[in-house]
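Trainee: Following full-length UniProt numbering, the numbering of the sequence shown begins with 1 at its first residue and continues without gaps.
The beta carbon of each residue, even a glycine, is placed where N, CA and C say it ideally should be.
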Amino acid sequence: MKNNKLNYQKIAIKLASDSKKTIGFISFDEVESSDIVIKIAKECAKIKNTVYLNFTDMDNYFISDYTTMIKKEDNLARIDISLTEDSSNLINSDEFKKLIFDLKNKFDLILINESKDEAISYLLSAFDDEKILIAYENKTSKSKVVDAKKEFERLGSPIMGVVYNI
1 MKNNKLNYQK IAIKLASDSK KTIGFISFDE VESSDIVIKI AKECAKIKNT VYLNFTDMDN
61 YFISDYTTMI KKEDNLARID ISLTEDSSNL INSDEFKKLI FDLKNKFDLI LINESKDEAI
121 SYLLSAFDDE KILIAYENKT SKSKVVDAKK EFERLGSPIM GVVYNI
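1) Quick check on Asn92: buried or exposed, where buried means 16 or more other Cβ atoms within 10 Å of its Cβ?
2) Of the residues Asp80, Val146, Lys71 and Asp129, which one's Cα is nearest the Cα of Leu15?
3) Quick one: Cα of Met1 to Cα of Ser115, how far?
4) Does the distance from the C-beta atom of Asn105 to that of Asp80 stay below 8 Å?
5) How far does the alpha helix (DSSP H) with Ile47 in it extend, from its first residue to its last?
6) Could you give the DSSP three-state label for residue 226: helix, strand or coil?
7) Can you look up Phe127 in the DSSP assignment and give me helix, strand or coil?
8) Please identify the residue among Ile132, Tyr164 and Leu103 whose C-alpha is closest to the C-alpha of Phe152.
9) Return the CA-CA distance between Tyr122 and Leu155, expressed in angstroms with no decimal places.
10) Distance check for Lys72 and Leu6, CA to CA, integer angstroms please.
11) With a Cβ-Cβ cutoff of 8 Å, do residue 174 and Ile112 count as a contact?
12) If you scan the region 13-42 from start to end, which runs of the beta strand (DSSP E) of 3 or more residues do you find wholly inside it?
13) Going by beta-carbon coordinates alone, are Phe101 and Ala77 separated by less than 8 Å?
14) Nearest to Phe96 by alpha carbon, out of Met160, Val51, Leu109 and Leu124?
15) Grouping DSSP H, G and I as helix and E and B as strand, with all else coil, what is Thr140?
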């Protein structure tokens, strides 16, 4: 556990020192990803004014006054947005575009957990400066990581790095 915390701190330092503002996290194992991304986000919040945007199955539907959706966890601001059957309409909506624009003006760093739905991660490429892939030993094939890297770079959202979990 101590080594993981140190690794999360190193990732946070890298993210905080980069000029990019919006980073998407994509995991090839949805179950474990939220825990990893939130730990990295909390470490980032110790360095920079950070917001963590999480897509979830909870009943927390997006509303245009997103400020009421912000929860504070220590130094980290968190927004949970429910996925609906038509999440592509949400992500392509003017309200969501305004949310991202406002967050970019209010926060130094926006971390988006895009692991819930692969299609969403492709749609969110329009907002991300870069992405970080989360891969798992004995679960994630090299070809899957390489294919994802190529596809996201084609969409204009380059891969900043890969977090490899053993």
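Mentor: In terms of the structure at hand:
1) exposed
2) Asp129
3) Only weak support is given to the placement of Met1: the predicted model assigns it a pLDDT of 45, under 50, and the question is left unresolved by the model.
4) no
5) First-last for Ile47: undefined, no H or E at that position.
6) Because the chain is modelled from 1 through 166, residue 226 falls outside the range shown and cannot be assessed.
7) coil
8) Ile132
9) 8 Å
10) 23 Å
11) Nothing in the structure corresponds to residue 174, since the chain is present only between 1 and 166.
12) 22-27
13) no
14) Leu124
15) coil
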